[in-house]
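Engineer: I have a structure here, written as structure tokens, and I will follow up with some questions on it.
Number of protein chains: 2
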Amino acid sequence: MDSANLMKAIRWHPPSYDQRLEDIPTPMLQHPDDVIVKVALAGLCGSDLHIYRGTDKPMAIHTSGHEFVGTVVELGSNYKHSSVNDTKTEGRPSLYDTLKVGDEVVSAFTSNCGECRLCKQGITCRCPFGLLFGSPRLEGGQAQYVRVPFGGATLFPTSALKSEGKSEIAAHSLLLLADILPTGVYAAIQALGHPKLATPLTGAPWPYSLPGLTTTGAVPRTSAETNDDVLHFAVVGLGPVGMCACVALLDQLTTRYPTRKWKIVAIDPIESRRRTLETMYSTIGADGKGTGQGELVVRGIEEAKTTVSEWTNGEGCCAVLEVVGNASALNLSYDLVRPFGVITSVGVHPAKPVGFEGEELYNKNVSLDFGRCPARAMIEVAAVLLAKRQDIFGSAPGGSNSLIEAIEGFKQGPEVVKAIYEKFDKGLVGKIAFDPWA
Amino acid sequence: MDSANLMKAIRWHPPSYDQRLEDIPTPMLQHPDDVIVKVALAGLCGSDLHIYRGTDKPMAIHTSGHEFVGTVVELGSNYKHSSVNDTKTEGRPSLYDTLKVGDEVVSAFTSNCGECRLCKQGITCRCPFGLLFGSPRLEGGQAQYVRVPFGGATLFPTSALKSEGKSEIAAHSLLLLADILPTGVYAAIQALGHPKLATPLTGAPWPYSLPGLTTTGAVPRTSAETNDDVLHFAVVGLGPVGMCACVALLDQLTTRYPTRKWKIVAIDPIESRRRTLETMYSTIGADGKGTGQGELVVRGIEEAKTTVSEWTNGEGCCAVLEVVGNASALNLSYDLVRPFGVITSVGVHPAKPVGFEGEELYNKNVSLDFGRCPARAMIEVAAVLLAKRQDIFGSAPGGSNSLIEAIEGFKQGPEVVKAIYEKFDKGLVGKIAFDPWA
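These protein sequences, in sequence, are chains A and B.
The opening position of the first sequence corresponds to residue 1 in UniProt numbering, with each subsequent residue numbered one higher.
The opening position of the second sequence corresponds to residue 1 in UniProt numbering, with each subsequent residue numbered one higher.
Here you go:
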């Protein structure tokens, strides 16, 4: 490990649109809980553009990127297998006991301590000690090396997957576990887990569909006949996260509700994204059971409104997954959701009004879920789906159903790296993975 | 039944603040599903003020009031016991078979057909044929008689309660079932049923706290230690619905989670409301088990922020019940809710922006539930609580823990009725029940 030396890293420079491939010192351990990871691949994610485009606030120069997969090269002294210490405090996350130099790891896109009240509840996205990789407060992964705070809590060892006999998952596939697949799964399970979906999913009438709520039997109750009904969903935004959300939703529906009929409309104004999802969907359906009792269609925005109206006689979808992150996507979601429906928003929203009036939310009994995916907690669930759907998530970059368009090496030089960011910002290229060593 | 004659009714007149006690024709059956009810008591509810104060749109003169209890005096021909017909279509709600002239009934504050897809799912508040009593489209209950559309679906026969041996529930207590108690129960069970509360309630870490979501066991998982934690709640707004929400929340917590510790801060700027709730709370706690492992405190707005911060070390409440219906109540709820928490809003909101920015909702992982209580579906649940807590909900009007301040008779004349509305609008009197015959 050449921590005294320089390394290549993509650095954000103020005020905006100035991404530079530079030589900077390799990171060093700063805390006994730290891990230094040698990066194999680092993703370029749509939410990187929030910083790339600049903000109102002055920001420090920093290394970009919050998605990376790599290999452990150095462990802090709180790790049992650290070269500087072989003891460990009891009761900490087990990875402090087991992680070794040479282990392959994926990092959640935010660090988390793993030991606070929120982390123990699985709410790793709101750990008070958590930081976003690739932000002014924590150097990112688009570099040859990266320092991971609370490595024993933040990192996911890919051996956890390999013990399942899935030893052949490529780095470009594992990279999806850093952010986009957990976030897509999060959108799907939040929507399906909402109590307003309990009635359409189970057939029990509200409120008896809620856990723990029973009637005495002495009062009359209505009966629902929803098991023959079709469940309708919309997914707004078919960037990489939206596509993951579609696959996760399909998987949840077919595995947890195999006898239920459902329809999904997946929506994006960009035709190439719609085409990619169609290819993915045909992959899923290829085994004759992947889609169960359901149907997914891909639509532009206006067509989608017509489709939902026709499908539901104007009622709307029981849940809408919003994977864009702005007021117009929320408004479209409102138009598409049925009364007493759920909008699950995993998009990263700006500091602008959401655009809803109280009366319209009241008048439609809308429920909304906002916020960042608790990535480290969700990686565990997403990893199962990653292994299961290697036909999609294992596709070689650039393939017709691949979420990653290309792997780009740092050796192409600063001008090429700068141009990649520019093209990505303009939507001229899809998701890119950087190989810092190629 | 003197349907050809005149009756007394409180009528809304444009443009605003002009409530008149008048003689108008008694209502007649307009549809075979209709029921005519002789009103025993009709409530004056805070949301009546939305119309009282006028709107931007021109509105027709109409009878006010959406809360009433009374006796069936005439049945449409689709009822088995109608004087004009003794047949009935099969498969309709059972009340079309059983309802008789002379039966005591409470009406949900909105009508609902009971037979559409939404009604069968218990989403009676969003029945496409449903109307709000006391609005330009459906004459209200502050009258001697009222026509109830879809009576077989909209009405709740109090015999359903009496069969439980609760024959002594007074009309002023049954009146609470029209709106405020179901709405309070709705707020409580929506909050407790939200998947974001599954972890604090059960101790299972997110996302494994969600129904149907299991890990393969091959991946590491964090463990939650929440069963020893205290659950924190806030209730914003202690009008009659807010008080019902408090009692419902207390009941749900003590009956469904008897071993869990919890704390509730109940918030209102008006001291008299805080005092009433304190009296109610002491009633509940009087038997030594009503409050279980918990504690409820009553606070003004600024004090409440301090209390929640102290209780939770600045983290916030796992759920906030918003029972006011405006942007400032929502903003207070945001301040009080913890990251990954739930705001359940049952307040009737105006056509104004909710005031949230997307970024703040994202940054705190907030979930929000809006909308009208599915009253007819919730009456069934609320009735159980009404019978159980007659020590509170049976209190004589004007008592220190009563939700109803006084019963006012129509015979006092138009000027008194007009003055009651004026005082209610200014917050000078609490909840009033009208007796149209006294």
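By construction, the Cβ of each residue, glycine as well, lies at the ideal position given by its N, Cα and C atoms.
Check residue 232(A) in the structure and name its three-state DSSP category.
Structural biologist: strand
Engineer: With 16 other CB atoms within 10 Å as the buried threshold, where does residue 84(A) fall?
Structural biologist: exposed
Engineer: Report yes if the C-beta distance between residue 109(B) and residue 132(B) is below 8 Å; otherwise report no.
Structural biologist: yes
Engineer: Which partner residues of residue 280(B) appear in the DSSP bridge assignment?
Structural biologist: According to DSSP, residue pairing for residue 280(B) in a beta bridge does not occur.
Engineer: From the DSSP output, read off the bridge partner residues of residue 386(A).
Structural biologist: None, per the DSSP bridge assignment.
Engineer: Please report how far the alpha carbon of residue 56(A) lies from the alpha carbon of residue 360(B), in whole angstroms.
Structural biologist: About 16 Å.
Engineer: How about residue 246(A) and residue 235(A): do their beta carbons lie closer than 8 Å?
Structural biologist: yes
Engineer: Under a three-way DSSP split, which group does residue 71(A) fall into?
Structural biologist: strand
Engineer: Nearest to residue 183(A) by CA position, among 33(A), 46(A), 160(A), 101(A), is which residue?
Structural biologist: Of the listed residues, the one whose Cα sits closest to residue 183(A) is 46(A).
Engineer: Exposed or buried, which one is residue 172(A) when buried takes at least 16 other CB atoms within 10 Å?
Structural biologist: With 16 or more other Cβ atoms inside 10 Å of its own Cβ, residue 172(A) counts as buried.
Engineer: Shorter than 8 Å from the beta carbon of residue 126(A) to some beta carbon of chain B?
Structural biologist: yes
Engineer: In terms of residues, what are the limits of the alpha helix (DSSP H) holding residue 420(A)?
Structural biologist: Annotation: the continuous alpha helix (DSSP H) that includes residue 420(A) extends over 414-425.
Engineer: Alpha helix (DSSP H) containing residue 256(A): first to last residue?
Structural biologist: 240-256
Engineer: Does the Cβ-Cβ distance between residue 177(B) and residue 387(B) come in under 8 Å?
Structural biologist: no
Engineer: Name the chain B residues whose beta carbon is nearer than 7 Å to that of residue 365(A)?
Structural biologist: 125, 126, 370, 371, 372
Engineer: Distance check for residue 129(A) and residue 258(A), CA to CA, integer angstroms please.
Structural biologist: Approximately 41 Å between the Cα atoms of the pair.
Engineer: Classify residue 28(A) as buried or exposed, calling it buried when 16 or more other Cβ atoms lie within 10 Å of its own Cβ.
Structural biologist: exposed
Engineer: Can we say the segment 418-430 of chain A touches the segment 395-403 of chain B, given the rule of at least three CB pairs closer than 8 Å?
Structural biologist: no
Engineer: Do the segment 147-161 of chain A and the segment 22-38 of chain A touch if we need at least three Cβ pairs shorter than 8 Å?
Structural biologist: yes
Engineer: Residue 30(B) CB to nearest chain A CB: under 8 Å?
Structural biologist: No, no contact with chain A.
Engineer: Run down chain B in chain order and give the residues with a C-beta less than 9 Å from the C-beta of residue 258(A).
Structural biologist: None at all; the shortest Cβ gap to chain B is about 12 Å.
Engineer: Chain B partners of residue 194(A), CB-CB under 7 Å?
Structural biologist: 195
Engineer: Count the other CB atoms within 10 Å of the CB of residue 437(A); is the residue buried (16 or more) or exposed (fewer)?
Structural biologist: exposed
Engineer: Anything in the segment 383-402 of chain A with a Cβ closer than 8 Å to a Cβ of chain B? List those residues in chain order, please.
Structural biologist: From the segment 383-402 of chain A, only 383, 384 have a Cβ closer than 8 Å to chain B.
Engineer: Using DSSP with H/G/I as helix, E/B as strand and the rest coil, what is residue 19(B)?
Structural biologist: strand
Engineer: If you measure from the beta carbon of residue 349(A) to each beta carbon in chain B, is any gap under 8 Å?
Structural biologist: yes
Engineer: For residue 362(A), go through chain B and note every residue whose CB falls closer than 7 Å to its CB, in chain order.
Structural biologist: Listed along the chain, the chain B residues whose CB falls inside 7 Å of the CB of residue 362(A) are 348, 349, 370, 371, 372.
Engineer: Excluding sequence positions up to five away, which residues of its chain have a Cβ less than 7 Å from the Cβ of residue 219(A)?
Structural biologist: Model confidence at residue 219(A) stands at a pLDDT of 40, short of 50, so the residue's coordinates are unreliable; what they give is reported in the following sentence. Closer than 7 Å at the Cβ level, and outside the excluded window around residue 219(A), lies no residue.
Engineer: Taking 8 Å as the CB-CB cut-off, is residue 45(B) touching chain A?
Structural biologist: Residue 45(B) is outside the set of residues whose beta carbon lies under 8 Å from a beta carbon in chain A.
Engineer: Any chance the segment 304-324 of chain A sits against the segment 237-256 of chain A, with 3 or more Cβ pairs inside 8 Å?
Structural biologist: yes
Engineer: Could you name the residues of chain B that residue 352(A) contacts, counting a contact when the two beta carbons are closer than 8 Å?
Structural biologist: 357, 358, 359
Engineer: Rounding to the nearest angstrom, what Cα-Cα distance links residue 181(A) and residue 307(A) in this structure?
Structural biologist: 27 Å
Engineer: Is there contact between the segment 332-339 of chain B and the segment 328-337 of chain A, where contact requires at least three CB pairs shorter than 8 Å?
Structural biologist: no
Engineer: For residue 210(A) versus residue 41(A), is the C-beta spacing smaller than 8 Å?
Structural biologist: no
Engineer: Roughly how many angstroms separate the alpha carbons of residue 69(A) and residue 277(B), rounded to a whole number?
Structural biologist: 56 Å
Engineer: Return the residues of the segment 324-340 of chain B that lie within a Cβ-Cβ distance of less than 9 Å from chain A, sorted by chain order.
Structural biologist: 325, 326, 327, 330, 338, 339, 340
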